[in-house]
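According to the numbering used here, numbering within the sequence shown proceeds without interruption in unit steps and concludes at 527.
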Amino acid sequence: MAKQRRVMAQVAMVMNLDKCIGCHTCSVTCKQAWTNRAGTEYVWFNNVETRPGLGYPRTYEDQDKWQGGWVRTRSGRLKLRSGGRFKKLLSIFASPVQPGMDDYYEPWTYDYEKLIQSPLGEDFPVARPKSLITGDDLAIKASANWDDSLGGIAETIDEDPIVKKLRDEANIQIKAEYEKTFMFFVPRICEHCLNPSCMAACPSGAIYKRAEDGIVLVDQDRCRGWRQCITGCPYKKIYFNHRSGKAEKCTMCYPRLEVGLPTVCAETCVGRLRYIGVILYDADRVTEAALADEKDLYEAQLDLMLDPNDPQVIADAKANDIPTDWISAAQKSPVYALIKHFKVALPLHPEYRTMPMVWYVPPLSPVVDLLKSQGHDSEAGGNLFGAIDALRIPVEYLAELFTAGDTQVVTDVLQKLAAMRSYMRDVTLGRERQPELAEAVGLTPAAMEQMYRLLAIAKYDERYVIPKAHTEQAHNLEEMGCSVDFDATDPYNYDGGFGSSSGRVVPVAIESYADAKRRQQDASGA
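Here you go:
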């Protein structure tokens, strides 16, 4: 008799990068919903990065510098890259290795009152940018999307950690010249990993992974502001609230998920590129999977994900108290379909060994422009297959992002996407189907059409298959773990010492520079 597996459920997300237009709607709506308060001015639970680019915070992928994620020791064990307990004990009262303000950006506002109330004159008044930290005039030199659409990339591309690695290892010269350059967008949220290094790095045990859905949260009551979690997270998706002295991170909008609604970023996405669903996995094999060789980490994580239609998996899931409707949701999960069934979604930096649960369908579109410029039929299957290696987005770059450098896996995914594009073109134009295109990438024609429907025209309830929380689990779903709780300080009488953002804790729009200056003068008696 087979050993019973410890089956657990994980809410996961897939993003189709071929559909992201870099509009930042997801970032803005997330900001308004979760971090539009004092102390979180530089905090972006969701941000959209242009690649190539430095990311946010700058060069966060350089783990030699930032010490995030796990490494495998010579003895075959996992160890935090930032060090074990003894090293953390030595540095617990000092700020660990983590990004500084220059790696994020100094928050600012504008002196709108001077703009509005300036007297008539020959010169047109302007609203000067003012630091939200010091109140002084500020020359804006960075932000969360400073590389947006390759802005200024000619000066910063050499600092992109992936470009650096490609040049060092393969001497590939990626240039930022207009006719040679490439660009795509990568929206990023917390990965809600199966093996979260932030949780292991926290000395106070404030970070935990919910057993019922796998969402990683920060318990604000237990957080002591050590900031070891910021070092531990290789994606740098945990932030320090300088007003509350606590760590904060993406909550996967769990209050929405509990009532069957998608996250704010998914709900408002203009390109409809996000998918949310449930995955069942074998919890006892997570460490084993995380110990795989770098190039095998992708397959190791795939092996963790269990077939929700397998009778034995269903029996094991029920034995581990997973509700029937959650099992049903896993069977209909668009995330499982894209990751495990069609195998077109890939994890972000699996080499960090955190087992991330936000995956990406890599972009394909630039190949079409390349073929057209050469006078070819850009949608013909044979042409598309042959041009995969000539993508303006180098396969090597995508491989460093999603498969720890394994270009073959990325090439296989791109060929599936190219085959789907060519096959469905014939379907749309009413021409004879070409089943050999599907067979060439290991799919049937029916599967090809199913994949197209999911990636291109899926309806709301197909993109978001989210089971509701159960009332009998309510005691496990208390909001005490929410990373946006507020302290008991009187928001109207607190005199902040860190500029205009430090004087309020209620979730309201940040005060203007003039209001902050007036409040601080009143508080000091000036």
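A virtual CB, placed ideally from N, CA and C, is assigned to each residue, including glycine. Because the structure is a prediction, the values reported are computed rather than measured.
*Measure the alpha-carbon distance for T404 versus P364 and round it to whole angstroms.*
The residue labelled residue 404 in the question sits at position 403 within the sequence shown. The residue labelled residue 364 in the question sits at position 363 within the sequence shown. The alpha-carbon atoms of T404 and P364 are separated by roughly 14 Å.
*Could you tell me whether the stretch 195-203 touches the stretch 221-230, where touching means 3 or more Cβ pairs closer than 8 Å?*
yes
*Out of A39, K166, W67, state which residue places its alpha-carbon closest to the alpha-carbon of L133.*
Counting from one through the sequence shown, the residue named residue 133 turns up at place 132. The shortest Cα separation from L133 among A39, K166, W67 belongs to A39.
_With the cut-off set at 8 Å, would you say R275 and M102 are in Cβ contact?_
In the sequence shown, the residue the question calls residue 275 occupies position 274. In the sequence shown, the residue the question calls residue 102 occupies position 101. For R275 and M102, no; Cβs fall outside 8 Å.
*Distance CB(S245)-CB(L81) smaller than 8 Å*: Walking along the sequence shown from the start, residue 245 turns up at place 244. Walking along the sequence shown from the start, residue 81 turns up at place 80. The answer is no: Cβ separation not under 8 Å.
_Quick check for students: name the residue ranges of the alpha helix (DSSP H) that lie wholly in the stretch 180-235, counting only runs of 4 or more._
198-202, 229-233
*For K4, count neighbouring Cβ atoms within 10 angstroms of its own Cβ and tell me buried if that reaches 16, exposed if not.*
Counting from one through the sequence shown, the residue named residue 4 turns up at place 3. Classification of K4: exposed, given that the 10 Å Cβ count is below 16.
*DSSP three-state call for G482: helix, strand or coil?*
Sequence index remark: in the sequence shown, residue 482 carries index 481 (1-based). At G482, the pLDDT of 43 sits below 50, so the modelled position is not reliable and the matter cannot be decided from this model.
*Rounded Cβ spacing between P235 and Y43 (contact assumed at less than 8 Å)*: Numbered from its first residue, the sequence shown carries residue 235 at position 234. Numbered from its first residue, the sequence shown carries residue 43 at position 42. 19 Å between Cβ atoms; not a contact.
*Sheet register partners of I277 (DSSP bridge)*: Residue mapping note: residue 277 aligns to position 276 of the sequence shown, counting from 1. The partner list for I277 (beta bridge, DSSP) reads M14, Y465.
*Pair every Cβ in the stretch 252-261 with every Cβ in the stretch 325-342, then say whether three or more of these pairs are closer than 8 Å.*
no
*Compute the beta-carbon to beta-carbon distance between L116 and P130, rounded to the nearest angstrom, for a pair I have assumed lies under 8 Å.*
Residue numbering aside, residue 116 sits at position 115 when the sequence shown is read from its first letter. Residue numbering aside, residue 130 sits at position 129 when the sequence shown is read from its first letter. With a Cβ gap of about 12 Å, L116 and P130 do not count as contacting.
*V12: which of I163, D311, I323 sits nearest, CA to CA?*
Residue mapping note: residue 12 aligns to position 11 of the sequence shown, counting from 1. Measuring from the Cα of V12, the nearest candidate turns out to be I323.
*Measuring CB to CB, does R273 end up less than 8 Å from K20?*
If you number the sequence shown from 1, residue 273 lands on position 272. If you number the sequence shown from 1, residue 20 lands on position 19. The answer is yes: Cβ separation under 8 Å.
*T30 to P436, Cα distance in whole Å?*
As a first step, residue 30 is located in the sequence shown; it is residue number 29 there, counting from the start. As a first step, residue 436 is located in the sequence shown; it is residue number 435 there, counting from the start. Those two C-alpha atoms are separated by around 43 Å.
*Give, in chain order, every unbroken run of the alpha helix (DSSP H) that is at least 4 residues long and sits entirely within the stretch 40-120.*
64-67, 86-92, 113-118
*In this structure, does DSSP put A293 in helix, strand or coil?*
Indexing the sequence shown from 1 puts residue 293 at position 292. Residue state, collapsed to three classes: coil.
*State yes or no: is the C-beta of P53 within less than 8 Å of the C-beta of D137?*
Working through the sequence shown from its first residue, we reach residue 53 at position 52. Working through the sequence shown from its first residue, we reach residue 137 at position 136. Their beta carbons are not under 8 Å apart, which means P53 does not touch D137 by this criterion.
*asked:* Starting from I239, trace the alpha helix (DSSP H) in both directions and tell me its first and last residue.
replied: Position 238 of the sequence shown, counted from the start, is the residue given in the question as residue 239. Premise fails: I239 lies in the beta strand (DSSP E), 239-242, not in any alpha helix (DSSP H).
*Would you kindly work out how many angstroms separate the C-alpha atoms of T1 and G77, rounded to a whole number?*
Because the chain in this structure spans residues 2 to 527, residue 1 falls outside the shown range and cannot be described.
*Helix, strand or coil for D347 per DSSP?*
Taking the first residue of the sequence shown as position 1, residue 347 is located at position 346. According to the sequence displayed, residue 347 carries Leu and not Asp. L347: strand per DSSP, three-state reduction.
*Limits of the alpha helix (DSSP H) - the one that E249 falls within*: The residue you call residue 249 lines up with position 248 of the sequence shown. No alpha helix (DSSP H) contains E249, which is instead part of the beta strand (DSSP E) from 247-250.
_Looking only at its chain, what residues have a beta carbon closer than 8 Å to the beta carbon of A1, apart from the 5 residues adjacent to it on each side?_
Because the chain is modelled from 2 through 527, residue 1 falls outside the range shown and cannot be assessed.
*asked:* Is the separation between the beta-carbon of A420 and that of A441 shorter than 8 Å?
replied: Position 419 of the sequence shown, counting from 1, holds the residue named residue 420. Position 440 of the sequence shown, counting from 1, holds the residue named residue 441. In contact: A420 and A441 (Cβ atoms closer than 8 Å).
*Relative to the C-alpha of A143, which residue among V279, W109, Y398, D214 is closest?*
Locating residue 143 in the sequence shown gives position 142, counting from the first residue. Looking at the Cα atoms, W109 is the closest of the given residues.
*Would you say L339 and V414 are within 8 Å of each other, going by their C-beta atoms?*
Locating residue 339 in the sequence shown gives position 338, counting from the first residue. Locating residue 414 in the sequence shown gives position 413, counting from the first residue. It is not a contact, given that the beta carbons lie outside the stated cut-off.
*With respect to the alpha helix (DSSP H) encompassing S329, which residues constitute its N-terminal and C-terminal limits?*
Residue 329 sits at position 328 when you count from the first residue of the sequence shown. Where S329 is concerned, the enclosing alpha helix (DSSP H) stretches over 325-332.
*How many whole angstroms separate the CB atoms of L195 and M358, which I take to be in contact at a CB cut-off of 8 Å?*
Here the question's residue 195 lines up with position 194 in the sequence shown. Here the question's residue 358 lines up with position 357 in the sequence shown. Yes, L195 and M358 are in contact; Cβ-Cβ is about 6 Å, under 8 Å.
*Which residue comes first and which comes last in the beta strand (DSSP E) that contains V359?*
As a first step, residue 359 is located in the sequence shown; it is residue number 358 there, counting from the start. Counting along the chain, the beta strand (DSSP E) containing V359 begins and ends at 359-362.
*Coarse secondary structure for S502, derived from DSSP in three states*: Residue mapping note: residue 502 aligns to position 501 of the sequence shown, counting from 1. Its pLDDT being 41, under 50, S502 is placed unreliably by the model, and nothing is read from it.
_Buried versus exposed, by CB contacts within 10 Å (16 or more), K66_ = By one-based count along the sequence shown, residue 66 stands at place 65. Exposed, because fewer than 16 other Cβ atoms sit within 10 Å of the Cβ of K66.
*Can you pull the DSSP bridge partners for Y282?*
Here the question's residue 282 lines up with position 281 in the sequence shown. Answer by DSSP bridge pairing, in chain order: M9, M306.
*Run through DSSP, which three-state label would F487 get?*
Residue mapping note: residue 487 aligns to position 486 of the sequence shown, counting from 1. Here the model assigns F487 a pLDDT of 41, short of 50, so the residue's position is not dependable and the matter cannot be decided.
_Length of the line joining the Cα atoms of A248 and F241_ = Here residue 248 refers to the residue found at position 247 when the sequence shown is read from its first residue. Here residue 241 refers to the residue found at position 240 when the sequence shown is read from its first residue. Looking at the two C-alpha atoms, the distance is approximately 5 Å.
*Could you spell out the range, first to last residue, of the beta strand (DSSP E) harbouring P130?*
The sequence position of residue 130 within the sequence shown is 129, counting from 1. Run containing P130: 130-132, per the beta strand (DSSP E) assignment.
*Would you report the Cα separation of E192 and S119, rounded to the nearest angstrom?*
The residue given as residue 192 occupies position 191 in the sequence shown. The residue given as residue 119 occupies position 118 in the sequence shown. Each residue's Cα considered, the two are about 48 Å apart.
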